[in-house]
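Asks:
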Amino acid sequence: MNKPTQVHCFINNKKVIGKSANSFPVYFPATGEILCTANSASVEQLDEAVEIASQAQKKWEKTPSQERSRILKKAAELIRYHTNKIAELEVWDTGKPISEAIEVDVVTAADAIEYFSNLAVTLHGDYYSIQDADILTKIEPIGVCAGIGAWNYPFQIAAWKSAPALACGNSFIFKPSELNTLSAVLLGEIYAEAGLPAGLFQVLQGDAELGQMITAHNGIQKISFTGEVGTGKKIMAASSVNLKTLTMELGGKSPLIIFNDTNPETAAKAALAANFYTQGEVCTNGTRVFIQENFLPQFKKAIEGRSNNVRLGNPFEKEVNVGSLISANHKELVENFINKGKSEGAKAFTMGQIPSGDCAKGYFTQPVIFYDCKDSMKIVKEEIFGPVMSVLTFKTEEEVIERANNTEFGLGAGIFTKDISRIQRMIDQLEAGIVWVNNYNITPVEMPFGGTKQSGFGKENGIDTLNHYTKRKSIYISKGDVFSPF
Ligand code: NAD
């Protein structure tokens, strides 16, 4: 559990210090302690990284797919081997509980890299025969791809984006959020140890300014972005400079719909995990919990009966299951939402205790369940990205579908019921990129992950993601004469 004391960029398989005049403090969110100062990458370092990435990519796309696959597989093995080291950095980076970092962040990162290592050898084009020609399609990498990450799952985001990019023969430059600067560089070292040639995975540290430089860079052909809707829109606009290909993984305000035929304990477990895992800092969280009206008393009893299980505290302690929020600013934002919920008339039920000792100055907020919510309330309409659950009641299936869809977002949705016909009808009608049935927030690597409406487009995970890191060349080989009116 060594305290990090320096932040690096990772360029050409070497750890280097950012050379921009811009620097920013690196905090441990669970104590508020400043660990060190990070230097942003300079514009010259960005240009250098793009040039190196471009040269490396040209060789990488010609590397046999079995070789690409072997390197990625080795990286997945190394991630599993270094689980504790990665998880510790993830805790310093985010303030999330170490148990989660071990069980989810590291596991899902390794799974994605292993999965795409297997798919690397399956990439192929198509062949069609028509009367006058043979038609082929050829799969080609996009070139130099970049990832711009949010702060909630820094290691997983870096892996989920880089794995398909590299499997498809691209090079990848990653800019983590300025709020977590540590674990992505370790991923770079792991890729290098696995045998990934220099220049294929690089990390540049910096804030929105560096993000804007990446977005505007003519040497980059694709951006995969994870973050807020508003930032996504700015990136889309700026990417028009060279018509970059885009993947957008944006925010959400997802409905979790629970019918009265659900076991109350199952409903309570699902709603708690869907709202308070990672302190509520999960994009797909089911933050609008719709409970069928006559089921509310049983749901309330079951969920409140579990309130003693909520344990805030030092995230390095194994029994802690709610860590600190990411920053002082974010804590203020979340608490403003909580105050607004109270002033708009929702009834708050608060869980857990703010820790004392070293963590007293950390950015902790007690998880809150709001009852008596209305669709028009700010806490129900806007993404909070913190441990705040809004409980709403409904009477009929038709009503709840309409209310669930009444949002600009379309990331996830959850349905709990035993009625299979109802499940089928609702899957068709819910406007969401992912619908979970009788479970929530499970993200196996085989399942494409991503939103619709203003929650974004493009996918991570699943075979479909290969399409987002490749382009298809169509080839027409004539068997006949040339037609010409001239
Ligand atoms: P953010 O949009 O503030 O920042 C995300 C990244 O964009 C950071 O690296 C930041 O430095 C960079 N950035 C900021 N302005 C930029 C600009 N103009 N040009 C280029 N880059 C810029 O988001 P955040 O606060 O870090 O993350 C929280 C948000 O992320 C929430 O809305 C959450 O729902 C979303 N999120 C979505 C998913 C998903 O998969 N759909 C996953 C995790 C988080």
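In terms of this note's numbering, the sequence shown is residues 106 to 591. Beta carbons are placed, not taken as given, at the ideal position from N, Cα and C, and that holds for glycine.
#1: Tell me which same chain residues have a C-beta within less than 7 Å of the C-beta of I247, skipping the five on either side of it?
#2: I'd like to know whether the C-beta of M531 is nearer than 8 Å to at least one C-beta of chain D.
#3: What is the rounded straight-line gap between the Cα of L194 and the Cα of V155?
#4: So, with DSSP's three-state summary, where would you put S432?
#5: Hey, F475 and V493 are a contact pair by Cβ (cut 8 Å); roughly how many whole angstroms apart?
#6: Considering only residues of the stretch 270-319, which uninterrupted beta strand (DSSP E) runs meet the minimum length of 3 residues and lie entirely inside it, listed in chain order?
#7: Is it buried or exposed for K479, if we count other Cβ within 10 angstroms and need 16 for buried?
#8: Does DSSP classify A453 as helix, strand or coil?
#9: Does the Cβ-Cβ distance between S288 and I191 come in under 8 Å?
#10: Would A303 and S222 qualify as a contact pair, given that the criterion is a beta-carbon distance under 8 Å?
#11: Please specify which runs of the beta strand (DSSP E), each continuous and at least 3 residues long, are wholly inside the stretch 196-284, giving them in chain order.
#12: Are the stretch 383-400 and the stretch 364-372 in contact at 8 Å, needing three or more beta carbon pairs?
#13: So, for T570: in the same chain, excluding its five sequence neighbours on each side, which residues have a beta-carbon less than 6 Å away from its beta-carbon?
#14: With contact counted as at least three CB pairs below 8 Å, one residue from each stretch, are the stretch 284-300 and the stretch 219-233 in contact?
#15: Are A158 and Q307 closer than 8 Å when you measure CB to CB?
#16: Our contact map puts I539 next to M531 with C-beta atoms below 8 Å; I'd like the distance itself, whole angstroms only.
#17: Write down the C-beta distance between L241 and G252 rounded to the nearest angstrom, noting that I regard them as a contact closer than 8 Å.
#18: So for Q559, helix, strand or coil by DSSP?
#19: Have a look at Y382, G428 and F129 and flag the residue whose alpha-carbon is nearest the alpha-carbon of N546.
Replies: Reading it off the structure:
#1: If you ignore the 5 residues before and after I247, its C-beta comes within less than 7 Å of the C-beta of N275, Q326, K327, T350, Y574, T575 and K576, all in its own chain and listed in chain order.
#2: Judged by its chain identifiers, the structure shown contains no chain D, having just a single protein chain.
#3: 27 Å
#4: coil
#5: 7 Å
#6: Within the stretch 270-319, the complete beta strand (DSSP E) runs of at least 3 residues are 276-280 and 306-308.
#7: exposed
#8: strand
#9: yes
#10: no
#11: The stretch 196-284 contains these whole beta strand (DSSP E) runs: 231-235, 238-246, 249-253 and 276-280.
#12: yes
#13: P269 and K564
#14: no
#15: yes
#16: 13 Å between Cβ atoms; not a contact.
#17: About 31 Å separates the two Cβ atoms, so there is no contact after all.
#18: helix
#19: Y382
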